[in-house]
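**Q**
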Amino acid sequence: MLESILIANRGEIACRVMHTARRLGLRCIAVYHHADRTAPHVALADAAIELDADIPTAAYLDSAQIVAAAQTSGAASVHPGYGFLAENADFAAAVEAAGLVFVGPQPEVIRLMGDKVHARDFAARAGVPLAPSVTQDGSLDAFVSQAAAIGFPLLIKAAAGGGGKGMSIVREAAELAPRARTAMDEAERYFADRRIYAERYVERPRHIEVQVVGDGQGNVVHLFERECSVQRRFQKIIEEAPAATLPPELRARICQAATDLAASARYRNAGTIEFILAPDGEFYFLEMNTRLQVEHPVTEMICGVDLVEAQLRIASGESLPWRQNEITQRGHAIECRLCCEDPYQDFRPATGKVRKLVVPQGDGVRFDSGVIEGQNVSAAFDSMIGKLVCHGQDRASAIDAGIAALQAFVLLGVDTNIDYLGRVLAHPAFRAGELHTGFVTEHAAALAPPELAADQEAVVLAAAALGVAEFRRLARDTPEPYASIGAWRN
Amino acid sequence: MPRIQSTIQTNSADFRRNAAHNRALAEELHRRQQAARFERPARDVERLASHGKMMPRERIDKLLDPGTPLLEFSTLAANMAYDGEAPGASCITGIGMVQGREVILCVHDSSIKGGAWYPLSVKKIVRCLDIAIENRLPVIHLCDSAGGFLPLQSELFPDKYMAGRIFRNQCILSELGVKQLALVFGHCTAGGAYIPALSDYSVIVRGTGAVFLGGPPLVKAATGEVVTADELGGCDLHTQVSGTCDYPASSELEAIALGREIVQQWDRPAKWPLQQDPVEDPYYDPDELYGIIPDDIKRAFEMREVIARLVDGSRFHEYQPAYGTTLICGYANLWGYKVGFLANNGVLFNDSALKGAHFIELCNQNDTPIVFLQNITGYMIGREYEARGISKDGAKMIMAQVGSHVPKFTIMCHGSFGAGNYGMCGRAFDGRLVFSWPNHQIGVMGGEQAAKTLADVKLRQLERRGEAVDQATLDRVYHETLEAYQHQLSAYYSTSELWDDGILDPVDTRNALGIAISAALNAPLGRRGYGVFRF
Amino acid sequence: MGLDFKFTLDQKDHDVSVRARRPDLVLDIDGRAHTVRESAAGDGAVTLEMGGRSYHVWRVWEGDRLHLRIDGRSYSVGYEDAIAAAQHAAGGDDVLRADMPGVVVAVHAETGATVQTGDTVLVIESMKMQVNIVAPRDGVIEAVHVALNENFDKGALLAALKATD
Numbered sequence: 004m005l006e007s008i009l010i011a012n013r014g015e016i017a018c019r020v021m022h023t024a025r026r027l028g029l030r031c032i033a034v035y036h037h038a039d040r041t042a043p044h045v046a047l048a049d050a051a052i053e054l055d056a057d058i059p060t061a062a063y064l065d066s067a068q069i070v071a072a073a074q075t076s077g078a079a080s081v082h083p084g085y086g087f088l089a090e091n092a093d094f095a096a097a098v099e100a101a102g103l104v105f106v107g108p109q110p111e112v113i114r115l116m117g118d119k120v121h122a123r124d125f126a127a128r129a130g131v132p133l134a135p136s137v138t139q140d141g142s143l144d145a146f147v148s149q150a151a152a153i154g155f156p157l158l159i160k161a162a163a164g165g166g167g168k169g170m171s172i173v174r175e176a177a178e179l180a181p182r183a184r185t186a187m188d189e190a191e192r193y194f195a196d197r198r199i200y201a202e203r204y205v206e207r208p209r210h211i212e213v214q215v216v217g218d219g220q221g222n223v224v225h226l227f228e229r230e231c232s233v234q235r236r237f238q239k240i241i242e243e244a245p246a247a248t249l250p251p252e253l254r255a256r257i258c259q260a261a262t263d264l265a266a267s268a269r270y271r272n273a274g275t276i277e278f279i280l281a282p283d284g285e286f287y288f289l290e291m292n293t294r295l296q297v298e299h300p301v302t303e304m305i306c307g308v309d310l311v312e313a314q315l316r317i318a319s320g321e322s323l324p325w326r327q328n329e330i331t332q333r334g335h336a337i338e339c340r341l342c343c344e345d346p347y348q349d350f351r352p353a354t355g356k357v358r359k360l361v362v363p364q365g366d367g368v369r370f371d372s373g374v375i376e377g378q379n380v381s382a383a384f385d386s387m388i389g390k391l392v393c394h395g396q397d398r399a400s401a402i403d404a405g406i407a408a409l410q411a412f413v414l415l416g417v418d419t420n421i422d423y424l425g426r427v428l429a430h431p432a433f434r435a436g437e438l439h440t441g442f443v444t445e446h447a448a449a450l451a452p453p454e455l456a457a458d459q460e461a462v463v464l465a466a467a468a469l470g471v472a473e474f475r476r477l478a479r480d481t482p483e484p485y486a487s488i489g490a491w492r493n
Numbered sequence: 411m412p413r414i415q416s417t418i419q420t421n422s423a424d425f426r427r428n429a430a431h432n433r434a435l436a437e438e439l440h441r442r443q444q445a446a447r448f449e450r451p452a453r454d455v456e457r458l459a460s461h462g463k464m465m466p467r468e469r470i471d472k473l474l475d476p477g478t479p480l481l482e483f484s485t486l487a488a489n490m491a492y493d494g495e496a497p498g499a500s501c502i503t504g505i506g507m508v509q510g511r512e513v514i515l516c517v518h519d520s521s522i523k524g525g526a527w528y529p530l531s532v533k534k535i536v537r538c539l540d541i542a543i544e545n546r547l548p549v550i551h552l553c554d555s556a557g558g559f560l561p562l563q564s565e566l567f568p569d570k571y572m573a574g575r576i577f578r579n580q581c582i583l584s585e586l587g588v589k590q591l592a593l594v595f596g597h598c599t600a601g602g603a604y605i606p607a608l609s610d611y612s613v614i615v616r617g618t619g620a621v622f623l624g625g626p627p628l629v630k631a632a633t634g635e636v637v638t639a640d641e642l643g644g645c646d647l648h649t650q651v652s653g654t655c656d657y658p659a660s661s662e663l664e665a666i667a668l669g670r671e672i673v674q675q676w677d678r679p680a681k682w683p684l685q686q687d688p689v690e691d692p693y694y695d696p697d698e699l700y701g702i703i704p705d706d707i708k709r710a711f712e713m714r715e716v717i718a719r720l721v722d723g724s725r726f727h728e729y730q731p732a733y734g735t736t737l738i739c740g741y742a743n744l745w746g747y748k749v750g751f752l753a754n755n756g757v758l759f760n761d762s763a764l765k766g767a768h769f770i771e772l773c774n775q776n777d778t779p780i781v782f783l784q785n786i787t788g789y790m791i792g793r794e795y796e797a798r799g800i801s802k803d804g805a806k807m808i809m810a811q812v813g814s815h816v817p818k819f820t821i822m823c824h825g826s827f828g829a830g831n832y833g834m835c836g837r838a839f840d841g842r843l844v845f846s847w848p849n850h851q852i853g854v855m856g857g858e859q860a861a862k863t864l865a866d867v868k869l870r871q872l873e874r875r876g877e878a879v880d881q882a883t884l885d886r887v888y889h890e891t892l893e894a895y896q897h898q899l900s901a902y903y904s905t906s907e908l909w910d911d912g913i914l915d916p917v918d919t920r921n922a923l924g925i926a927i928s929a930a931l932n933a934p935l936g937r938r939g940y941g942v943f944r945f
Numbered sequence: 345m346g347l348d349f350k351f352t353l354d355q356k357d358h359d360v361s362v363r364a365r366r367p368d369l370v371l372d373i374d375g376r377a378h379t380v381r382e383s384a385a386g387d388g389a390v391t392l393e394m395g396g397r398s399y400h401v402w403r404v405w406e407g408d409r410l411h412l413r414i415d416g417r418s419y420s421v422g423y424e425d426a427i428a429a430a431q432h433a434a435g436g437d438d439v440l441r442a443d444m445p446g447v448v449v450a451v452h453a454e455t456g457a458t459v460q461t462g463d464t465v466l467v468i469e470s471m472k473m474q475v476n477i478v479a480p481r482d483g484v485i486e487a488v489h490v491a492l493n494e495n496f497d498k499g500a501l502l503a504a505l506k507a508t509d
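Protein chains in written order, with the working numbering: chain A, 4 to 493; chain B, 411 to 945; chain C, 345 to 509.
Below, the structure written as structure tokens:
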């Protein structure tokens, strides 16, 4: 096992990595920006090195400073967490060039999977399904006939573009030719490149991903799938394992596809292959994340494994900790991402100080926390401050546990999405597993805070008033006989 | 402590007749109070509103802690003076609670003639400051007054207890370490300027508040200078330049909010530790007082029945129950406070006077405040009683009572005639507070007695002049005298002249005494010691 | 009776006062009486009994806001002390505050400048949106509390108008 590790991250994931590393006997070194000097990951570490940067996030993206910090502190290895430099091939290479162990895949694999076009080609070669697509190479008629062959609806976009320019959804064959022509004109205008591209447009798509772990020698196991369909602003907020509803045969195929892809890449480390699942049961490769995933705890809870431990063992040169047939799952786990944000103002980030934090305890409740009471939550970092994961014997009991834990959760001082998450879990469509990536938009009205009834309003106001020192004094410190005589006039 | 065993029959004809009579009196009281408090010429109300001012009682309601009492003094002061043009004597005074602190409110009533001071206004203000001094109660002045009512200046300015006494009392309060706050809502003219100037803290409302020794007309007359009230003594001048006022306020509400916050800064000096037990409501319904008080001033009634409807649990420890029975003495709890009661149950004889004197000494020995319940036609007169020394026995009672170092409170429950008024701590004897019931009458003697005496005098005058006297003339003289006399005997006349601190609906007596006792505990006990008793 | 305590909940204004204290505390909430009992819940929170039900209440202050968590639901209640409320009522809005965190991208009015209602005093950027911070009333700028490119948090005081007579 490695002797020590520098965690090139912050927040809950830095803490989570340190917990396992410490259990395995590794010395933990944190890096931090000044804005994070009192953050829990700094307090938790055996040593902490400050990174210099004007903008707080820049510190955690400063590859050179972090490698230097690792060398200065004598760290044997570097764990990148997720986000920041976790999928930066140059950083992984720099860590290895400095003679340190990078707890992650080989830099060339990171680079491969980081390039969407190359990753797609690679997946195709590995036999992983991709959304059917056609690229127009000049002939409109050929494009129209090839595109029509894919089936409708279709998404047309500029091959060179982005940002929605030249993009349109075509639902009927008759619309295809005129839309394609318009799209080409727009593509020409915006990108000076008339080429357009069409792919199967999946309505009400679900997001299914598969956790894999490879040893870099071509040995790969999967740890089943996760469903991450509930998203806001293209970011997951609720994830679960296993998927809400998935026929066993389809599930096996998805897991196999993921394993095949990782094995083809001789993947080392824990990784995740993401798929789009269409309502008709077709699934398409989306991308591969070459790192520990935010939502990895749901897999850990149903499989009874520690993925960070697996990462560290593999990075130490050990073989895969499990054979595929040793990996089993038990029950259902749901993760809620706790974010400091206002769910009713387009999820606008909220800032402030965490004045009160009470984390629910109990069997099957796990909170991966990056926050402590008294901590400032600034706009400088991601709004996610922790993950509440609940396990139950089945999906229904996991939902109930999640609702109960969210209700018992107290985080006061900053606006959070805690109550919003509770309403998502309690929504009948969620319970029924009717999930797709547009879930929160579709159910926005039902997920808005219910109007306060007058008597509830009175309870809130009474509780608030008694929290105001001068009101409290007025209500409680009136001496006798005045208090008893009350509002009497002679 | 044993409970008084009430013997009244609430369904008896007497009880029902008395109840109807006394309820009518209470309603009459409330009607008069309501008028004195709220009936104002529309012109005055509109003028206040046009200046963005609140009515004085709105200011009080905003200033006091919500859900707490106000013990108002002398609501009907001046109700029989100045043709009723100065209801409440143009000011509002009382004890209330601000930020959990007992304070005296001294409020100019600008809804009547600009809050001008009449002679009885000055008497009422001086009295409330005397109450503040005697009880060491902080004072909040709510200033908004045009100044002295000039046509009556000779009756309010020059004498010892006239306007100057207000400012003298302010200084005495300060010397005693008692805090004062002035909220200046309107004008403080001439002497009135000293109210904020002599207060520890003052807040002045921008635009309407002004403080000056001489207002713009006087300045113009004296020096020819033409100046607005605001330039002469407004908010900015006094808070930025002269330093006469401390806090500027942009509105009356802000002034009140600032005032409350200022009071919050004040310490709460410890009260003297009177024994205080858990409070118990009276066992007998205080509402029954209406049926107990007779509808005739000459009719006697059982004062124990009154005590039973004032005190905690109607419990009473009676002292010397078998001796001097026309004066009831004993201990009871009132709002949990241990107090001694002296209550008239007939004319005072030698033994009752001696018992009273002794019991007053016991209360002083015990540091127990004393409540006097007056219903007294006097000390017994006649050769036999003079021979037994009724005068010197009455003197002993007065000596003991005046020499008391414990606070005293007096309720005028019915009649208060002759020297009995003295022994039972009448107005002249520094009771901390003196309240009357609406049925109360006071005079050197009873109405019919006085009318007869005066009619006799008249008869002798006529006889000396040799004029013929017929029965009709005699009757006319008797009835005219009785009517004039009775007018002055009435509780409304008493309270108009500030011979008391206000008329109470009898059922309010318990609350009033609770606040009075609580307030009294703020002042340290007086010096122990008596003068010479004649034995 | 008494000065009301002013609260805002869900953008609505509410008045709370004390109506009675014995035998139970009775609060006056928007003119209606509510009997309230409060006791320590033992876990640092309080138990509030109202209308025959009991509620588990956590509360903390954040500036002029009180954050409450009552039976698994969070609330944010604004409170204005009596003096501020009176000034507010008398003088209108004298301060300009940020209703979201952001950065100053332009300063249009300096200290001492005369502004009219609706004039832009500052432009801020938050969540990639530029927002004009405008004068709430006619007046004179007493102070601009932030500088160009300065970051601020939600609720930060950006500028103030001089009090008017």
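Virtual Cβ for every residue (Gly too), placed ideally from N, Cα, C.
I want to see whether chain C comes within less than 8 Å of B/D471, judged by CB atoms only; does it?
**A** yes
**Q** Give me the Cα-Cα distance between B/F943 and B/A767, rounded to the nearest whole angstrom.
**A** About 10 Å.
**Q** Need the endpoints of the alpha helix (DSSP H) that B/T633 sits in, please.
**A** Per DSSP, B/T633 is one residue of the alpha helix (DSSP H) stretching across 626-633.
**Q** Using the beta-carbon count (16 or more within 10 Å), is B/C581 buried or exposed?
**A** exposed
**Q** Just the Cα atoms here: how many angstroms apart are B/P801 and B/L737?
**A** Checking the sequence, you will find Ser at residue 801 of chain B rather than Pro. Approximately 17 Å, taken between the alpha carbons.
**Q** For the segment 464-478 of chain A, list every residue whose C-beta sits within 7 Å of some C-beta in chain B, in sequence order.
**A** R476, L477
**Q** From the DSSP output, in three-state form, read off A/I421 for me.
**A** helix
**Q** Can you find a CB in chain C that lies within less than 8 Å of the CB of A/E344?
**A** no
**Q** Check whether the Cβ atoms of C/N353 and A/L464 sit closer than 8 Å, and answer yes or no.
**A** For clarity, residue 353 of chain C is Leu in the given sequence; the question names Asn instead. In this structure, A/L464 lies closer than 8 Å to C/L353 by Cβ.
**Q** DSSP three-state call for B/R793: helix, strand or coil?
**A** helix
**Q** Using alpha carbons as the reference points, say which of B/Y693, B/D706, B/P704, B/Y733 lies closest to B/I717.
**A** Of the candidates B/Y693, B/D706, B/P704, B/Y733, the residue whose Cα lies closest to the Cα of B/I717 is B/Y693.
**Q** Quick one: which chain B residues come within Cβ less than 7 Å of A/A490?
**A** G477, T478, P479
**Q** Taking only beta-carbon atoms, is B/W676 less than 8 Å away from chain A?
**A** no
**Q** Looking at the C-beta of B/I821, does it have a partner C-beta in chain D at a distance below 8 Å?
**A** This model lacks chain D altogether; the protein chains it does include are A, B and C.
**Q** Measuring only between beta-carbons, confirm whether B/W527 sits less than 8 Å from chain A.
**A** no
**Q** When you compare the CB of B/I961 with every CB in chain A, is at least one pair closer than 8 Å?
**A** The structure shown does not extend to residue 961 of chain B, since chain B is modelled only from 411 to 945, so the question has no answer here.
**Q** Exposed or buried, B/D493, counting other C-beta atoms within 10 Å across all chains shown (16 or more means buried)?
**A** Exposed.
**Q** Which partner residues of B/F622 appear in the DSSP bridge assignment?
**A** B/T599
**Q** Which bits of chain A does C/L410 rub up against, with CB to CB less than 7 Å?
**A** A467, G470
**Q** Taking the Cβ atom as the reference point for each residue, do B/H551 and B/A592 lie within a distance shorter than 8 Å?
**A** yes
**Q** Pairs of beta-carbons, one from the segment 885-895 of chain B and one from the segment 906-926 of chain B, closer than 8 Å: are there three or more?
**A** The segment 885-895 of chain B is not in contact with the segment 906-926 of chain B.
**Q** In the segment 406-417 of chain A, which residues sit with their C-beta less than 9 Å from some C-beta in chain C, listed in chain order?
**A** Contacts with chain C (Cβ-Cβ distance below 9 Å) from the segment 406-417 of chain A involve I406, A407, L409, Q410, A411, F412, V413, L414, L415, G416, V417, listed in chain order.
**Q** A/I159 and A/S142 look like a contact to me (Cβ under 8 Å); what is the Cβ gap, rounded to whole Å?
**A** Not really, about 15 Å apart at Cβ, beyond 8 Å.
**Q** Could you pull the start and end residues of the alpha helix (DSSP H) that B/N774 belongs to?
**A** 760-775
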